[in-house]
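What follows is a set of notes on a single structure, which appears directly below.
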Amino acid sequence: MKQLITALLILVLPFMVNAQVSKNSLKGKIGISLYGGGNIPTGGDYSATINTTDILNTGSQFGLGVSYFFTKGFAIEGTLYGGYNYYKDKYKPAGKDPLWLTLSASLNAVYNFGHMFRKAVIQPVVRIGAGVYQFEHIEDGLFHATVTTDNNNHDVKSFGINAGFGAEYKLSKKMTIGLMLDYNIFYPKYESESGSVTSAERTSHSFFTPQLKLTYYIPTGKK
C-alpha cells in the first residue's frame, strides 16, 4: 500500500506543481505601467572640451509603458519617457536655469520569471530594447518654451538602445509595484556651421535610470 501511495504521489506531484506555477502565468495579459525615478548621466561629450557628466546634474524621468504577454513570461512593451537634467551651478549663465530635456520612445523585449516560482510574490524581470531619442537644450527652466541649439546642432532624433533588470512585488492579483534599473545609450550627431558631420563630431550619450514601476495587469481571456 505504501508503495502504491508513493507511486501515486510521484505521478501527481508534477501536475500539482504545474497547477501552482500556472497561477503565476502572465500569458494573454496586458500590462499598463507607470514609471518614475532618476536620470543619472554616465557618459558622452557635451562639447569638444566638456563631458556630459561634468555639466549635468542628476535629474528625473517619468514614463508610461504598455505590454502584452505572448507566453507565461515573455512580452513586448512599448514605452514613452520624458526626463530632464539641470546644469550644475558652475555652468549656469547668470540669471538663467538651463537644462537638457530627453524624450524617448522604445520597443522592448521583456521577460518576467515569476511563472518559474511556486510562490512568486517577488518576480525578477529583465528587458532590452531600442528606439528613438530626442535630446534638447532648454534655455531657462523646465516650463519655458525656448529651445536652443548652442554648442553646435544636435539632431532632433537619434537611434538608441536600452537594457535593464529589476523585480516586481505582487500587491494583488492584478497589480504589482517594482524597481527597475535601465542603462540607456544613444547617438546624437553634431553638425558644424557648414552642415557637415565628421566621425570626430559624432558622440554618444548614456545614462542610468533607477525607477519605481507600478503595473496593472488586464486579462484578455487568452491562455
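So in this note's numbering, the last one in the sequence shown is 229, and the numbering has no gaps at all. Heads up, the beta-carbon is just placed ideally off N, CA and C, and yes, glycines get one too.
Enumerate in chain order the residues of its own chain whose CB-to-CB distance from residue i is below 6 Å, with the five nearest sequence positions on each side excluded.
i, result
"Y139", "S110, S164, G166, F192"
"Y97", "I61"
"T85", "G69, G71, S112"
"I134", "A115, A169"
"F171", "V132"
Excluding the 5 residues flanking residue i on each side, which residues of the same chain have their C-beta closer than 7 Å to its C-beta?
i, result
"V48", "The question names Val, but residue 48 in the sequence shown is Thr. Counting only Cβ-Cβ distances below 7 Å, and skipping sequence neighbours, we find T59, S212, F213, F214."
"K78", "S31, L32, K33, H121"
"K180", "Y222, Y223"
"T55", "none"
Check each candidate in the options and name the one with the smallest Cα separation from residue i.
i, options, result
"E142", "K180, N45, P194", "P194"
"I224", "G44, F75, Q67", "F75"
"V127", "K176, T77, Y90", "K176"
"S66", "I46, D95, K35", "I46"
"E174", "L218, S210, G137, A136", "L218"
"Y93", "S178, S210, I144", "I144"
"G137", "I183, L40, Y87", "Y87"
"N63", "N91, S178, F123, G184", "N91"
"E83", "S39, T182, G44, P99", "S39"
"F119", "G89, G101, A81", "A81"
"Y117", "F123, G42, R124, P130", "P130"
So the beta strand (DSSP E) residue i belongs to, where does it begin and stop?
i, result
"D188", "181-192"
"N3", "Because residue 3 is not part of the residues shown, which for the chain are 7 to 229, the question remains open."
"F124", "It is Arg, not Phe, that sits at residue 124 in the sequence shown. Looking at the DSSP string, R124 is not in any beta strand (DSSP E), and its letter there is neither H nor E."
"P130", "128-144"
"F119", "Taken as a continuous stretch (DSSP letters only), F119 belongs to no beta strand (DSSP E), as it is neither H nor E."
"K176", "164-176"
"G89", "80-92"
"T215", "211-225"
"L70", "65-75"
From which residue to which residue does the alpha helix (DSSP H) around residue i run?
i, result
"T58", "58-61"
List the whole-angstrom C-beta distance separating residue i from residue j, where the pair is believed to meet the contact cut-off of C-beta under 8 Å.
i, j, result
"G37", "T226", "Going by Cβ atoms, the distance from G37 to T226 rounds to 11 Å, so no, they are not a contact pair."
Tell me whether residue i counts as near the ligand HEM, meaning its Cβ is closer than 7 Å to at least one heavy atom of that ligand.
i, result
"D51", "Judged by which ligands are present, the structure shown has none, so any question about the ligand HEM falls away."
Excluding the 5 residues flanking residue i on each side, which residues of the same chain have their C-beta closer than 8 Å to its C-beta?
i, result
"G50", "N57, T58, T59, T209, S210, H211, S212"
"K5", "Because the chain in this structure spans residues 7 to 229, residue 5 falls outside the shown range and cannot be described."
"G44", "T64, G65, S66, Q67, F214, T215, P216, Q217"
"G42", "S66, Q67, F68, G69, Q217, L218"
Q: Evaluate the contact criterion for the stretch 92-106 versus the stretch 176-193: three or more CB pairs, one atom per stretch, below 8 Å.
A: No, they do not touch.
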